[in-house]
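Since the structure comes first, as structure tokens, the remarks are kept for the end.
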Amino acid sequence: MSALILAILAALCFGAGMITSRIGLRHDDARTGAAISIPTATLLFVIAAPFTVELSAFNLTAALIFALVGLFYPALVTLLTFRANEELGPTVTSAISGTAPLFAMLAAALLLGEQIPPQAAVAALGVAAGVALLSWRPGAMTDTTLDTKTGHHPGRALVWPIAGAIVRGVAQAGAKAGLLLWGNPFAAGVIGYLVSSTAVLGAEQLRRGGRKAVSRHGLLWFAATGAINGGAMVLMYSALAVAPVSTVAPVIAAYPLVTAMASALFLRGEKISAQIICGAILTVTAIIYLAAFRAS
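In this note's numbering, the protein residues as written are 41 to 336.
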């Protein structure tokens, strides 16, 4: 049960991070946000490393896996999520991201040989359906009309959160592989974030037109996002260290529930409709079903 509690706390943090990043995107673009949030979390990991990482347990293979995962998650996932958040908003982005556990369980089965209980698959489908219902908008999946305000095609922008869900799901299975060899979530975090910081800062240096000036408000909100997401990663890795991917991934994917409720309360971008209530009930029911199955 401790793994489920850790996963729920991680979902709460990921949901909160979506809100703070959305506010940050009012002031700066997605790449700038990633270049602030990820190094912020990395700095916190480095500060905590002497107290949380025992080098006597160092495993080279696990370290290489954590580094490989870090190249994609959080670096690439953050860029994809921020871009989707920028074009589609936090709730739609989170809803599509809710399919991540399906990719995570598939990757765990293929890469780790993990047996996926039917109950876990049902829970994952329930979460995916619930978060989709939370933000379903008629025509959103087929809209290819050019938005004259942003210059983007809303329908085509769906590629960003879909790609993010795939990478996020596969990365969870990869992280689990490393944690099986070196079960220290802080080690996974610090190594992964060091690689991610190098990737996003390098991308920022190479961007066309040079680096953009960072606003004070954007800096503060993205730094807060980095701290929140860093905590979420530690909680998620802690859960993965003691439980299979099929237990953790569906719960983590429920974070759009937090995003939707917080958006309604703080961003004024959502109204608490019957649709959102139904989506919330479906998502929570799926998690309770998974928890009951694991407790039995």
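All C-beta atoms in this analysis are idealised placements derived from N, C-alpha and C, irrespective of residue type, glycine included.
Integer Cβ distance of residue i from residue j, believed to fall under 8 Å
| i | j | result |
| --- | --- | --- |
| LEU174 | LEU297 | 7 Å |
| GLU94 | TRP200 | 38 Å between Cβ atoms; not a contact. |
| GLY124 | GLY204 | The residue you asked about is not Gly; residue 124 is Ala in the sequence shown. Confirmed, about 6 Å. |
| ALA172 | PRO141 | Not a contact, Cβ separation roughly 13 Å. |
| LEU234 | GLY110 | 7 Å |
| THR80 | ALA253 | Between ALA253 and THR80 the Cβ distance is about 18 Å, and since that is not below 8 Å, they are no contact. |
| ALA272 | CYS53 | 3 Å |
| ARG334 | LEU49 | Not a contact, Cβ separation roughly 16 Å. |
Where residue i falls: helix, strand or coil (DSSP)
| i | result |
| --- | --- |
| GLY242 | helix |
| ASP183 | Note that ASP183 scores a pLDDT of 48, beneath 50, so its modelled location is shaky; the value from the coordinates is reported in the next line. Coil at ASP183, not helix or strand. |
| THR139 | coil |
| ILE156 | coil |
| ALA293 | coil |
| ALA227 | helix |
| GLY319 | helix |
| ALA253 | coil |
| SER313 | coil |
| ALA332 | helix |
Residue i to residue j span [Cα, whole Å]
| i | j | result |
| --- | --- | --- |
| GLN212 | ALA314 | 33 Å |
| ALA51 | ILE327 | 12 Å |
| HIS257 | ALA332 | 43 Å |
| THR139 | PRO290 | 9 Å |
| GLY166 | LEU280 | 21 Å |
| GLY232 | ALA293 | 20 Å |
| ALA243 | LEU120 | 13 Å |
| LEU220 | ALA47 | 18 Å |
| THR265 | PRO90 | 23 Å |
| SER255 | THR299 | 24 Å |
| LEU246 | ALA115 | 15 Å |
| PHE337 | ALA217 | It is not possible to answer for residue 337, since the shown part of the chain is limited to 41 through 336. |
| VAL324 | LEU330 | 10 Å |
| VAL117 | ALA160 | 24 Å |
| GLY393 | THR82 | The question about residue 393 has no answer, for the chain in this structure spans 41 to 336. |
| ILE136 | ALA168 | 8 Å |
| VAL132 | TYR113 | 20 Å |
| ARG208 | PHE143 | 8 Å |
| SER303 | LEU100 | 42 Å |
| GLY162 | TRP261 | Here residue 162 is Val; the residue named in the question, Gly, does not match the sequence. Answer to the nearest angstrom: the Cα atoms are 36 Å apart. |
Extent of the continuous alpha helix (DSSP H) run through residue i
| i | result |
| --- | --- |
| ASN125 | 115 to 128 |
| PRO90 | 70 to 92 |
| ALA263 | 256 to 282 |
| ARG208 | 199 to 221 |
| PHE112 | 100 to 112 |
| SER42 | 42 to 64 |
Any non-hydrogen atom of the ligand ZN within 8 Å of residue i CB
| i | result |
| --- | --- |
| ILE231 | Because no ligand of any kind appears in the structure shown, any question about the ligand ZN cannot be addressed here. |
For the pair the stretch 276 to 287 and the stretch 212 to 227, tell me if three or more CB-CB distances fall below 8 Å.
yes
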